[in-house]
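Numbering (our numbering), first residue to last: 15 to 670.
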DNA sequence: ATGGGAAGCGCC
DNA sequence: TGGGCGCTTCCCAT
């Protein structure tokens, strides 16, 4: 491939070409659906995912494809090249699209008679249709988003497909309430709605996406080839025709059923079982959301808005530009900025650059950014409802971490956490201490790190002691911070440069050669880490999949340093998050209050004031820490009147 | 008017 | 040339 930048082939142009070739494209809130009237496949692409050329190949061969058009344009270009040959021009792409074939018959838009009797082991596929959401913000309909509404629930059993409007509660409950396995396609979403409508689901929960997530680390936003669909029509937005919605819903349930493979070994895998138990619980957390103190949020909001006005006035004295625009800021600060450039060829004006900048506007702009973020991303959206809800998903991250969307409950600033809580209740925080480092020590079989964890020592301080050649008791706070920086950076492929950057964010300063010395010393102190990283690189080069201790797999092409570092990180991060989910499962039924949030290595619980019982929580924390004997986890337990005011009570776990 | 990409920043 | 997420704003193309 020549180094010359290829001619752009915009997504909209591709869609237009597809449409010309008789491919039906329908705009939906969640993206654009491309519908070909022939067999059938669903895939979704998103920017952070390494997509497979097969995806577009399938599309161009006339499969039924759903694309989330979040991928960068050059990614589309690479696919086009791979599919239609190097140097593909739009005309060649059009020629490839021309291979789209006219279709075979699909399922008709009619409903079957619901069966009177269902054999007990027969899987029942369930699909929910909803309407509403905020299209401009890509927010799908959710119970807490107004306007949003449950329209109908569809079912598919064996060769039968049928649906009921949401008002027909008796019939919906009749089929949800059987002991048959219930099959969903991205279950959390349907579960949130069914839970909100107070339906009771009996039988085990299955999801057609889980096995794929375990097998190749595909998130819901990632590449998702889900198999053969027999009904490939998509529902137009805002259709007033209930009959049409019902048939669509039933046919989609049918599609879901066709994707379900009950004989897959994954269906009996411990992680799959875990997801079956956790999915309804996570849906419940999503629906409940975080309670907050409205008066506090309003006060903080007013304060922040006033501060923004003051800062804007101050900046206006310096230059009358849009200080949110990186381009305009770069133009004003010019020579005062450090000589760094973004991948897109623009001057870097991020916070780190501003801190190095002598210009009088820099300090003011830093504060403006901070307050702007707090107002725009957090406080203003919070005030729109009486609680803060986000859709927590089990399989959006390739590593198996949970994530939270449509308000992210996992990145709320520490400074705002004191706004969350409930009158008459206390907030209990259960937190895995240094979870990823423990997992890394186990996976790499690092004897010294493991010994420290087993003995309950502070690993960062011990690391610092090794690096600075002094007794661990005389390690200073700054030296410990260096140790922490090294531990987190070097496990996953960090360089001397990244160590310096990280250290700067901790308020430490040292030179590149110093960082290089620390790096060498770290690998010398932990020879098993060196060996483990080398072994992972060998697997990558040999094309072997990367595996986690719990059996997740990732096939990663070793093309770039990013992918090599991903291979180092994925099994560690995923194991740490699986441990938290396993721990949450282990303690769920003995918790004295509802779980209100999950933040990667933290579980948050609300309890009525005055019911704190240390012995009870010690027991809970012990169960949590001992969830898997291979991993010497420690759990920190804190309690307080709100999320931000929790105070650590004790630590439970190995050697405590 | 609308949507995608880039930059930036919040968290673990 | 640590990883993993999601959200907002600006800018530009359609």
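Every residue gets a Cβ at the ideal spot worked out from N, C-alpha and C, and that includes glycine.
All values derive from a computational prediction rather than experimental measurement.
Could you give the distance in angstroms between the alpha-carbon of residue 313 and the alpha-carbon of residue 406?
Just so you know, the alpha carbons of residue 313 and residue 406 end up roughly 28 Å apart.
Where residue 476 falls: helix, strand or coil (DSSP):
Here DSSP, grouped into helix, strand and coil, assigns residue 476 to helix.
Which term fits residue 293, buried or exposed, when burial requires 16 or more other beta carbons within 10 angstroms of its beta carbon?
With at least 16 other beta carbons inside 10 angstroms of its own, residue 293 counts as buried.
Under a three-way DSSP split, which group does residue 426 fall into?
Coil.
Considering Cα atoms alone, identify which of 567, 602 and 603 is closest to residue 226.
Selected option, being the one with the closest Cα: 567.
Have a look at 142, 383 and 173 and flag the residue whose alpha-carbon is nearest the alpha-carbon of residue 208.
Looking from the CA of residue 208, the closest CA among 142, 383 and 173 belongs to 142.
Which residue wins for smallest C-alpha separation from residue 386, given the options 539, 427 and 263?
The residue with the shortest Cα to Cα distance from residue 386 is 427.
In or out: residue 255 buried (at least 16 other Cβ within 10 Å) or exposed?
Of the residues assessed, residue 255 falls on the exposed side of the cut-off, its CB having fewer than 16 other CB atoms within 10 angstroms.
Quick check on this structure: which residue in 376, 467 and 369 has the alpha carbon closest to the alpha carbon of residue 648?
The candidate whose alpha carbon is nearest that of residue 648 is 467.
Taking the continuous beta strand (DSSP E) assigned at residue 270, which residues delimit it?
For residue 270, there is no enclosing beta strand (DSSP E); the enclosing alpha helix (DSSP H) has its first and last residue at 256-273.
Going by C-alpha distance, which of 443, 421, 139 and 588 is nearest residue 618?
Cα-wise, what sits closest to residue 618 is 443.
Beta-carbon proximity list for residue 303, same chain, < 6 Å, skipping 5 on both sides
Excluding residues within five positions, the ones whose Cβ falls inside 6 Å are 401, 402 and 403.
Residue range of the unbroken alpha helix (DSSP H) whose run includes residue 576:
Residues 575-601.
When you compare only the Cα positions, how much space is there between residue 378 and residue 440?
About 37 Å.
Judging by CA-CA distance, which residue of 372, 369 and 340 is the nearest neighbour of residue 12?
Nothing can be reported for residue 12, as the shown portion of the chain is limited to 15 through 670.
Out of curiosity, what's the CA-to-CA distance linking residue 174 and residue 136?
Rounded to whole angstroms, the separation of the alpha carbons of residue 136 and residue 174 is 12 Å.
With DSSP as the reference, label residue 657 as helix, strand or coil.
Of the three classes helix, strand and coil, the one that applies to residue 657 here is helix, per DSSP.
Residue 352 versus residue 329: straight-line alpha-carbon distance, rounded:
Distance between residue 352 and residue 329, taken at the CA atoms: about 20 Å.
Close-in-space but distant-in-sequence residues of the same chain around residue 631 (CB under 6 Å, 5 per side omitted)
Shown here for residue 631: same chain residues with a beta carbon closer than 6 Å to its own, the five before and five after excluded, namely 651 in chain order.
Give the secondary structure of residue 345 by DSSP, where H, G and I count as helix, E and B as strand, and everything else as coil.
Residue 345 falls in the helix class under three-state DSSP.
Roughly how many whole angstroms lie between the Cα atoms of residue 504 and residue 165?
Approximately 51 Å, taken between the alpha carbons.
Per DSSP, residue 196 is paired with what?
138 and 219, per the DSSP bridge assignment.
Is the Cβ-Cβ distance between residue 614 and residue 415 less than 8 Å?
A contact, by the Cβ cut-off of 8 Å.
For residue 608 and residue 552, I'd like the C-alpha separation in whole angstroms.
Each residue's alpha carbon lies about 45 Å from the other.
Applying the criterion that 16 or more other CB atoms from any shown protein chain within 10 Å of the CB defines a buried residue, is residue 193 buried or exposed?
Looking at its Cβ environment, which holds fewer than 16 other Cβ atoms inside 10 Å, residue 193 is exposed.
So what's residue 525 in DSSP terms, helix, strand or just coil?
Reduced to three states, the DSSP call for residue 525 is coil.
Taking 8 Å as the cut-off, does the region 446-460 touch the region 580-596 (at least 3 CB pairs, one atom from each stretch)?
As far as the Cβ criterion goes, the region 580-596 touches the region 446-460, which means the pair count is three or higher.
In angstroms with no decimal places, state the Cα-to-Cα distance between residue 307 and residue 333.
Taking the straight line joining both Cα atoms gives about 38 Å.
Could you compute how far the alpha carbon of residue 660 sits from the alpha carbon of residue 264?
Separation of residue 660 and residue 264 (C-alpha to C-alpha, rounded to the nearest whole angstrom) is 48 Å.
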